Amino acid sequence: MTDNILEMRSITKKFPGVIALDDVTLTVKRGEIHAICGENGAGKSTLMKVLSGVHPHGTYSGEIVYDGAEAHFNSINDSERQGIVIIHQELALSPYLSIAENIFLGNERRGSARLIDWNRTNAEAAELMRRVGLDENPTTPVGVIGVGKQQLVEIAKALSKSVRLLILDEPTAALNDNDSEHLLGLLRMLKAEGVTSIMISHKLGELIDIADSITVIRDGHTIETMADRDATQDRLIRDMVGRDLSQRYPSREHNIGAEVMRVQDWTVYHPTQPGRVMIDHVNLNVHAGEVVGIAGLMGAGRTELAMSLFGRSYGSQISGHVYIRGEEVRLDTVWEAINHKVAYVSEDRKRYGLNLLADIKTNISSAGLKRLESPGIGWVNENQEMRVAEEYRAALNIKAPSVSMGVSKLSGGNQQKVVLGKWLYTEPDILILDEPTRGIDVGAKYEIYTLINDMVARGKAVIVISSELPEIMGISDRIYTLSFGAITGEVPIEHATAENLMELMTTEKETVK
Numbered sequence: 010m011t012d013n014i015l016e017m018r019s020i021t022k023k024f025p026g027v028i029a030l031d032d033v034t035l036t037v038k039r040g041e042i043h044a045i046c047g048e049n050g051a052g053k054s055t056l057m058k059v060l061s062g063v064h065p066h067g068t069y070s071g072e073i074v075y076d077g078a079e080a081h082f083n084s085i086n087d088s089e090r091q092g093i094v095i096i097h098q099e100l101a102l103s104p105y106l107s108i109a110e111n112i113f114l115g116n117e118r119r120g121s122a123r124l125i126d127w128n129r130t131n132a133e134a135a136e137l138m139r140r141v142g143l144d145e146n147p148t149t150p151v152g153v154i155g156v157g158k159q160q161l162v163e164i165a166k167a168l169s170k171s172v173r174l175l176i177l178d179e180p181t182a183a184l185n186d187n188d189s190e191h192l193l194g195l196l197r198m199l200k201a202e203g204v205t206s207i208m209i210s211h212k213l214g215e216l217i218d219i220a221d222s223i224t225v226i227r228d229g230h231t232i233e234t235m236a237d238r239d240a241t242q243d244r245l246i247r248d249m250v251g252r253d254l255s256q257r258y259p260s261r262e263h264n265i266g267a268e269v270m271r272v273q274d275w276t277v278y279h280p281t282q283p284g285r286v287m288i289d290h291v292n293l294n295v296h297a298g299e300v301v302g303i304a305g306l307m308g309a310g311r312t313e314l315a316m317s318l319f320g321r322s323y324g325s326q327i328s329g330h331v332y333i334r335g336e337e338v339r340l341d342t343v344w345e346a347i348n349h350k351v352a353y354v355s356e357d358r359k360r361y362g363l364n365l366l367a368d369i370k371t372n373i374s375s376a377g378l379k380r381l382e383s384p385g386i387g388w389v390n391e392n393q394e395m396r397v398a399e400e401y402r403a404a405l406n407i408k409a410p411s412v413s414m415g416v417s418k419l420s421g422g423n424q425q426k427v428v429l430g431k432w433l434y435t436e437p438d439i440l441i442l443d444e445p446t447r448g449i450d451v452g453a454k455y456e457i458y459t460l461i462n463d464m465v466a467r468g469k470a471v472i473v474i475s476s477e478l479p480e481i482m483g484i485s486d487r488i489y490t491l492s493f494g495a496i497t498g499e500v501p502i503e504h505a506t507a508e509n510l511m512e513l514m515t516t517e518k519e520t521v522k
């Protein structure tokens with residue numbers, strides 16, 4: 010038996026106008042955790058889709074050798090029959106079905122007369138859930154459990170298919186620290202049981218901690234494969250972007266001006282649960298030329314605060330006051346927020362930020378259509394729309410052959426740039442960024458940090474919400490901490506440490522100093 014469970018040799022995959030993979034080679038040893046990293050659009054997910062049969066044999070060149078024999082996978086069912094299971098970044102679960110139903114969807118446990126044996130289904134699901142550490146009733150609908158537990162459901166589903174090679178695409182991108190650590194511990198447990206894993210992630214420290222070996226892909230080419238003992242974040246970044254990033258966060262001159270936005274006594278109740286306070290008498294402000302960070306644990310109310318401010322997109326029984334340049338304003342609808350030059354980039358770009366059925370051009374213009382109206386006609390000037398989209402494609406370095414390309418075909422980082430372009434086109438004075446770098450690579454992160462610096466250099470006010478404390482500390486001038494829907498601290502950046510921020514993020518409400 011060979012030491013290698015997988016060899017992908019000289020894999021080349023082309024799409025119209027794009028070479029996604031060019032002579033890529035990947036070797037994975039039996040029983041190891043093998044990491045793949047690279048910038049958005051480098052070809053990581055495409056390579057895994059080739060392996061799993063999403064891109065069937067014959068649509069690419071090169072060969073796949075799996076478990077010592079050449080493999081021709083024409084569908085995902087073919088690869089799953091050989092024990093290869095892929096868990097995509099966008100989880101493929103039905104929120105309306107139970108955990109047990111999701112685990113065995115397409116692989117149902119049947120009894121007599123070919124009917125589903127529900128006792129067997131729930132019992133086997135409970136055993137799989139025990140293996141992955143998921144303490145829930147198997148009959149619980151998936152839609153009511155958090156994303157961390159949903160990841161565990163996906164892994165339990167993989168185990169039900171007798172997985173031998175598990176592929177995870179950005180499994181911890183949307184998880185908090187505790188859920189991430191639990192998932193990584195589960196991968197170590199599966200390794201001890203003989204399951205080989207391939208993990209794609211932009212969290213380099215996490216990869217170095219969990220992986221036995223790491224392969225870097227850049228622009229569709231294999232750059233190198235290294236053992237974990239040889240991997241450092243600086244080396245990985247250099248391989249990924251083709252240059253050294255001497256600073257993770259670009260420097261900028263601090264020129265903070267007058268107050269632009271002030272929020273007073275902002276209180277928000279849950280939209281469907283009367284009496285449940287989500288945001289509790291929040292007070293904050295942001296000045297021209299300033300980046301204000303909002304730090305908080307998952308469930309602290311960060312997104313609820315941002316969405317409620319942006320045209321009351323979230324919540325009920327909202328009370329409080331918003332002042333822009335000293336004048337109280339009403340932001341009761343999204344259009345009123347836009348007209349007052351407030352923009353919001355959602356943490357969920359695919360649900361709230363993009364029209365996935367449309368192209369780049371249509372997405373970029375969607376929040377500023379009034380600026381594209383032909384005089385006296387009221388129709389969108391399509392030539393002007395094309396010019397605007399091309400300007401933002403160039404300015405934001407969106408990697409696409411044309412602005413007529415569908416956004417669903419873009420990598421995560423380029424999709425994020427399209428969302429940013431959409432809101433920058435509205436020329437906001439106040440930009441609220443909710444997890445702006447989630448699920449994107451270090452090179453794209455640096456570009457977004459540079460964009461934030463450009464905004465504040467022009468006197469704009471920026472509010473950044475992030476789960477990553479190093480990021481919040483690296484780009485902010487001032488940081489508010491949020492816990493249980495309340496502001497628990499306001500910390501100038503020169504006094505901010507990971508320790509004092511975490512202490513404030515886990516405390517009950519107290520007077521802001």
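Under our numbering, the letters of the sequence shown match residues 10 to 522, in that order.
From the three backbone atoms N, C-alpha and C, an ideal C-beta is built for every residue, glycine too.
Note that the structure is predicted; figures quoted are calculated from it, not measured.
When the options are compared against residue i, the one with the closest alpha-carbon
i, options, result
"Y361", "S375, S121, K370 and G155", "S375"
"Y258", "A309, G452, P150 and T490", "G452"
"T459", "I73, L429, A51 and D243", "L429"
"I232", "E48, M395 and I28", "E48"
"A390", "D178, G377 and R402", "Position check: residue 390 holds Asn in this sequence, whereas Ala was assumed. Closest option to N390, Cα to Cα, is G377."
"N509", "A495, I496, G494 and T490", "T490"
"S317", "D218, G251, D443 and G421", "D443"
"T11", "G40, L30, R467 and G385", "G40"
"I472", "R244, R227, A352 and H43", "A352"
"A236", "S260, D243 and S222", "S222"
"L60", "E79, E456 and C46", "E79"
"K408", "I20, A29 and R18", "A29"
"D274", "G494, E89, L192 and R261", "G494"
"G157", "E99, R173, A201 and E72", "E99"
"S107", "A309, Q159 and K431", "Q159"
"G50", "M464, N423, S88 and E456", "N423"
"K379", "M395, T435, G421 and K200", "T435"
"P501", "V27, E512 and R487", "R487"
"E382", "I373, E394, N372 and T371", "E394"
"G266", "A109, R334, S413 and H191", "R334"
"S343", "E503, Y323 and E356", "Here residue 343 turns out to be Val, not Ser, going by the sequence shown. Among E503, Y323 and E356, the Cα nearest to that of V343 is on Y323."
"K454", "I217, R90, G421 and G468", "G421"
"I96", "R123, S210, H191 and L35", "S210"
CB contact flag (residue i, residue j, <7 Å)
i, j, result
"T281", "H290", "no"
"L15", "V37", "yes"
"V151", "N111", "yes"
"H349", "V338", "yes"
"A167", "L175", "yes"
"I85", "G52", "no"
"I449", "S206", "no"
"L193", "I164", "no"
"E117", "I125", "yes"
"V272", "L293", "yes"
"V412", "R402", "yes"
"E313", "I288", "yes"
"I347", "I474", "no"
Neighbourhood of residue i by C-beta, 7 Å cutoff - its chain only, sequence neighbours within 5 removed
i, result
"L365", "K359, V416 and S417"
"N264", "G298"
"A182", "Q98, R447 and G448"
"A109", "T130, N131, A134, P147 and T148"
Neighbour-count burial assignment, residue i, 16 or more Cβ in a 10 Å radius
i, result
"W388", "exposed"
"P180", "buried"
"R447", "buried"
"P479", "exposed"
"G77", "exposed"
"M198", "exposed"
"N128", "exposed"
8 Å CB neighbourhood of residue i in its chain, flanking five on each side removed
i, result
"A470", "V269, M270, V295, H296, A297, G298, E299, V301, D438, I439 and L440"
Inter-residue CB distance, residue i and residue j (contact presumed, cutoff 8 Å)
i, j, result
"K22", "H64", "6 Å"
"T506", "S492", "Contact flag wrong, Cβ pair sits at about 17 Å."
"N185", "S476", "7 Å"
"E336", "G320", "Not a contact, Cβ separation roughly 18 Å."
"M57", "D178", "6 Å"
"I369", "A398", "6 Å"
"T234", "T224", "4 Å"
"M249", "R227", "6 Å"
"Q425", "P410", "Actually they do not touch by this definition, with Cβ atoms about 19 Å apart."
Residues of its chain near residue i, where Cβ-Cβ distance is below 6 Å and the 5 sequence neighbours each way are ignored
i, result
"V521", "Its pLDDT being 40, under 50, V521 is placed unreliably by the model, and the measurement read from it follows with that caveat. Hits under 6 Å: I496 and E499."
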